[in-house]
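Trainee: Offset between the sequence shown (1-based) and the numbering used here: plus 158. Ideal Cβ positions, reconstructed from N, Cα and C, are used throughout, including at glycine.
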Amino acid sequence: MSRFGRIATEASAAARSFLRRRTAVFFTFFFPVILVLIFGALVQTQPTGGGLFAEPAGYYIPGYLAVVVLFTPLSRVGSEIARHRDGGRFEKLATTPLSRAEWLLAHTLVNVAIIGAASLLILGLVLVVTDAEPVVSPALAALPVFVAVAVALFCGLGALLGALADSQDGVIAASNTVALPLLFLSETFVSPGLLPEWFLPAVAASPLTYFARGTRAIVYEPGPWVGDLAVLSVLAVAFLALGASAVPRTD
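1) Are the region 277-291 and the region 352-361 touching by the rule of at least three beta carbon pairs closer than 8 Å?
2) Is it true that the CB of residue 314 sits closer than 8 Å to the CB of residue 401?
3) Taking all protein chains shown into account, decide if residue 162 is buried (16 or more other Cβ within 10 angstroms of its Cβ) or exposed.
4) Would you report the Cα separation of residue 339 and residue 223, rounded to the nearest angstrom?
5) Comparing C-alpha positions only, which one of 332, 368, 349, 324 sits nearest to residue 305?
6) DSSP state of residue 347, grouped into three classes?
7) Determine the closest residue to residue 390 out of 379, 374, 365, with distance taken between C-alpha atoms.
8) Please work out which residues of its chain come closer than 6 Å, Cβ to Cβ, to residue 294, disregarding the five sequence neighbours upstream and downstream, and give them in chain order.
9) Following a CB-centred definition, is residue 237 positioned closer than 7 Å to any heavy atom of the ligand MN?
10) Starting from the Cα of residue 273, find the closest Cα among 225, 393, 386 and give me that residue.
11) Just mark residue 249 as buried or exposed, buried being the case when its beta carbon has 16 or more other beta carbons within 10 Å.
12) Going by other Cβ atoms of all chains shown within 10 Å of its Cβ, with 16 needed for buried, is residue 263 buried or exposed?
13) Can we say the region 239-255 touches the region 332-350, given the rule of at least three CB pairs closer than 8 Å?
14) By Cβ distance, which residues of its chain are closer than 7 Å to residue 164, with the 5 residues on each side in sequence left out?
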């Protein structure tokens with residue numbers, strides 16, 4: 159079987175496995191929807207009120223997208239590695255030509271497809287329940303690229319967490335511990351002006367910051383976004399390489 163065939167076969171199996179787990183489907187698609195309904199429709203934004211949600215509704219579009227871009231790949235890929243390891247499936251895969259990099263790439267492609275669909279749902283819901291008005295320009299064509307690259311990055315990080323954690327419960331705890339601070343401290347829901355100046359270098363060190371900046375420059379405040387995409391792409395390649403090396407041997 160060719161490399162493409164091996165990746166396609168593993169991706170197909172991963173997609174079917176995801177669809178069979180109803181809880182995973184629910185949290186992937188409906189957990190972000192709940193957040194949009196709570197913060198977008200109920201709490202709403204108060205541009206003149208100060209504090210949290212003090213920016214116009216369009217400012218928070220990257221934050222809503224970041225929820226699914228960040229949480230889903232971290233937990234799904236990490237849990238898959240823990241599940242495969244606990245069930246001895248990597249030992250079985252070791253008898254096949256499938257390599258660690260191919261295994262991770264296949265699962266990354268599945269996550270890109272799933273999260274791409276979820277992101278489209280979230281974006282549509284934001285436009286319906288809030289007064290956000292995204293900028294319509296040719297740059298919108300780069301938005302799916304940002305989503306795909308960010309998903310790939312966090313799939314690599316999820317693989318690292320899955321390899322380091324000793325159980326599926328450990329993966330969930332580790333992914334939440336990593337994801338929650340990143341979600342709120344990466345120029346998503348909390349603007350830099352609300353943070354102390356000494357903490358801003360940590361914000362700049364977050365990979366999610368470049369996703370938020372780039373997507374905001376596309377959908378809310380037109381500005382340069384190529385540099386953010388370049389940084390995100392370099393980080394994605396690095397994390398995927400590290401994640402592939404951390405996957406238990408399948409070759």
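Mentor: Judging by the given coordinates:
1) The answer is no - the region 352-361 does not touch the region 277-291, with fewer than three Cβ pairs under 8 Å.
2) Annotated as proximal: residue 401 and residue 314, with beta-carbon spacing under 8 Å.
3) Exposed, by the Cβ-count rule.
4) Rounded to the nearest angstrom, the two C-alpha atoms are 16 Å apart.
5) It is 368 whose Cα lies nearest to the Cα of residue 305.
6) Residue 347 falls in the coil class under three-state DSSP.
7) Taking residue 390 as reference, the option from 379, 374, 365 with the minimal CA-CA separation is 365.
8) Apart from sequence neighbours up to five positions away, no residue of its chain approaches residue 294 with a beta-carbon distance below 6 Å.
9) With respect to the ligand MN, the structure shown offers nothing to examine, as it has no ligands at all.
10) Residue 273 has its Cα closest to that of 225, out of 225, 393, 386.
11) By the Cβ neighbour-count rule, residue 249 is exposed, with fewer than 16 other Cβ atoms within 10 Å of its own.
12) Buried is the label assigned to residue 263, since at least 16 other Cβ atoms lie within 10 Å of its Cβ.
13) The region 239-255 vs the region 332-350: no contact.
14) So the list reads 255, 256, 260, once near-sequence residues are dropped.
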